[in-house]
Amino acid sequence: MTTKSIIGLFKKILDDELIISGNDLKSRFYHIWNTDIPVESICILTPKTTKQISKIVKICNDINQEIIIHGGLTNLVGSTKSISTQVVLSLEKMNNIIEIDKIAKTITCESGVILEDLINACKDKELLLPLNFGSRGSAQIGGAISTNAGGLRVFKYGMTRNLVMGIEAVLPDGTIISSLKKLIKDNSGYDLKQFFIGSEGTLGIVTKVVLRLYPLPKTRYTSLAVTNDYQKVLDFLKILEDKISNNLTGYELLWNSSYKQMVSEKTIYNKYLPDNFNYYLFIEYMGTDFKNDYQKFEETILECIENKIIDDAVIGKDEKEQVNIWGVREDVAVLADERKFDQQFDISIPVPLIGEVVDKISSELKECDGVKTIFPFGHVADGNVHFIIGKDSACEELKSQINDIIYNNTELVDGSISAEHGIGIDKKKYLIKTRSKDEIELMKLIKKSIDPKNILNPGRVI
334 MTTKSIIGLF KKILDDELII SGNDLKSRFY HIWNTDIPVE SICILTPKTT KQISKIVKIC
394 NDINQEIIIH GGLTNLVGST KSISTQVVLS LEKMNNIIEI DKIAKTITCE SGVILEDLIN
454 ACKDKELLLP LNFGSRGSAQ IGGAISTNAG GLRVFKYGMT RNLVMGIEAV LPDGTIISSL
514 KKLIKDNSGY DLKQFFIGSE GTLGIVTKVV LRLYPLPKTR YTSLAVTNDY QKVLDFLKIL
574 EDKISNNLTG YELLWNSSYK QMVSEKTIYN KYLPDNFNYY LFIEYMGTDF KNDYQKFEET
634 ILECIENKII DDAVIGKDEK EQVNIWGVRE DVAVLADERK FDQQFDISIP VPLIGEVVDK
694 ISSELKECDG VKTIFPFGHV ADGNVHFIIG KDSACEELKS QINDIIYNNT ELVDGSISAE
754 HGIGIDKKKY LIKTRSKDEI ELMKLIKKSI DPKNILNPGR VI
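If you count the sequence shown from 1, you need to add 333 to reach this note's numbering.
Structure, rendered in structure tokens:
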């Protein structure tokens, strides 16, 4: 079929303003960091309802037309790239919050709602949506679900999967699967929503979701602590878990190079502690006791200093300082601005081994000609380590060398090549380092049974 005839089929479903094609595609892009690279596609469809999506997908299934799904365009594994023979389906207009239930502590919304808008809407109702990561101002909730996103509070509240109570999704043949229940317990057969969480849009298009919420904490404090010994990082975490486990919502780590860059003159952040320590720990405490929470937190931190578990620490004395301290960790994406060319990694390592594995990886990377900066950081309490590697060129040989160093060392300790970003296109060839051949074959079997024509996000994951 010609491009014109394919677009003609979609015009029977969507108004003209919901179809972007021709020269208008030049103003669209596939990632928020690459706005200078126009998206390649037959057209971009921006439906407003699940029924419209169902009809679009049925047409595409009938004519064997591949679909690439777009959300907030913040992914880091190439998932939103497309070619001129594919149709892009953007969920940007599926952006309605349907209901916030204060009694059930749930929010029901469409998949194109921006995460930060959800967080703020819940906060207005004195409820907490704990899902929180740096790109929340652009990322859509549907994308977070399709990648099973993590973030800064996984240690306390779990991954996105742990927050999803109900899902509505469109299958590759256009069938609508809708189960928007607000039930914590439901063992009536297979838990079908799990097919769509973390499958990166390869098994269906999530259109609506019910998320679990929590009471909004009344207090929030942040602290920065330092040590030169990774064992002390583990000891400190153990003490915090023993003393304030109910209130400990974040335990984050920056290595020296990352901290030093984040508090340099190039950023807006203050250097609350010297930049000559090996490890910088960022702690978030949230509670409900105005009278005693700060004292409880402060006493715990001071006790750890006195017992030489940590070398020093600072607690934000007011909201501005608390935001500034946490921002040093939260805003680490700016580390990618240090070099024109960079590679970013998102791996899982057993928590006790993180120190030695990161040291080994960093040592091997320093031997690579062309590597200029190495910035490790991560969610140390749940074993998730990120690297931003700055380079002086886009050399493919260097890129492969860096990938091998990161992923080979991850494989050696039975880690994961993807903690929270997904596999997409970029990590697909390395999936075998994380999953067995039999697991991958089972994934292929599931994909083939649900999407036999391979029209939804083809070439992703497997």
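Backbone N, C-alpha and C fix where the C-beta goes; we use that ideal spot for every residue, glycine too.
No experiment lies behind these values; they were computed from the predicted model shown.
Run of the beta strand (DSSP E) containing Ser-556, from where it starts to where it stops: 552-560
With 16 other Cβ atoms within 10 Å as the buried cut-off, status of Val-656: exposed
Ordered list of alpha helix (DSSP H) runs contained in the region 684-741, each at least 4 residues: 687-699
With 16 other Cβ atoms within 10 Å as the buried cut-off, status of Leu-460: buried
At least 3 beta-carbon pairs within less than 8 Å: the region 657-669 vs the region 586-601: yes
Outcome for Leu-635 when other beta-carbon atoms lying within 10 angstroms are tallied against a minimum of 16: exposed
Identity of the residues DSSP links to Asn-397 by a beta bridge: Answer is none; Asn-397 lacks a bridge partner.
Residue span of the alpha helix (DSSP H) that contains Arg-662, given as start and end: 652-663
Three-pair Cβ contact test at 8 Å for the region 753-760 versus the region 406-420: yes
Closest residue to Met-595 among Val-543, Ile-638, Ile-538, Trp-659 (Cα-Cα distance): Trp-659
The region 560-568 in contact with the region 609-622 per 3-pair CB rule at 8 Å: yes
Residues of its chain near His-719, where Cβ-Cβ distance is below 6 Å and the 5 sequence neighbours each way are ignored: Asp-679, Phe-710, Gly-711
Met-290 - containing beta strand (DSSP E), residue span: No information on residue 290 is available, as it lies outside the stretch 334 to 795 that the chain covers here.
Helix, strand or coil at Val-794 according to DSSP, with G and I counted as helix: coil
Contact check, Ile-687 vs Val-713, beta carbons under 8 Å: yes
Beta-carbon contacts of Glu-432 that lie in its chain and below 6 Å, excluding the five residues immediately before and after: Thr-441
Whole-angstrom distance between His-403 and Thr-418, CA atom to CA atom: 16 Å
Inter-residue Cα distance where the pair is Leu-513 and Ser-521: 14 Å
Nearest-angstrom Cβ-Cβ length linking Lys-344 and Ile-352, presumed shorter than 8 Å: 7 Å
Cβ distance (whole Å) where Leu-573 is taken to contact Thr-633 below 8 Å: 7 Å
Neighbourhood of Leu-581 by C-beta, 8 Å cutoff - its chain only, sequence neighbours within 5 removed: Phe-488, Lys-489, Leu-573, Glu-574, Ile-616, Glu-617, Tyr-618
Gly-341 classed as buried or exposed, judged by whether at least 16 other C-beta atoms fall within 10 angstroms: exposed
Where Ala-752 falls: helix, strand or coil (DSSP): coil
Terminal residues of the beta strand (DSSP E) in which Ala-472 lies: Looking at the DSSP string, Ala-472 is not in any beta strand (DSSP E), and its letter there is neither H nor E.
Sequence-distant residues of the same chain with beta carbon closer than 6 Å to Thr-336, five excluded per side: Ile-375
Lys-624, DSSP secondary structure in three states: coil
Endpoints, beta strand (DSSP E) assigned at Glu-443: 439-443
With 16 other Cβ atoms within 10 Å as the buried cut-off, status of Lys-438: buried
Exposure label - Asn-394; buried when at least 16 CB within 10 Å: buried
Reduced DSSP secondary structure (H/G/I, E/B, other) of Val-390: helix
Ile-436 burial status per 10 Å Cβ neighbour count (16 or more: buried): exposed
Nearest to Glu-700 (by Cα), restricted to the options Tyr-602, Gln-734, Leu-504, Pro-685: Gln-734
Minimum C-alpha distance to Glu-654 - residue among Arg-553, Ser-681, Gln-628, Gly-620: Arg-553
Contact under 8 Å by Cβ, Ile-500 with Lys-526: yes
Secondary structure of Leu-805, DSSP reduced to three states: Only positions 334 to 795 of the chain appear in the structure, and residue 805 is not among them; the question remains open.
Cut-off 8 Å between Cβ atoms - residues of its own chain near Phe-569, not counting five sequence neighbours on either side: Ala-558, Thr-560, Leu-614, Cys-637, Ile-642, Ile-643
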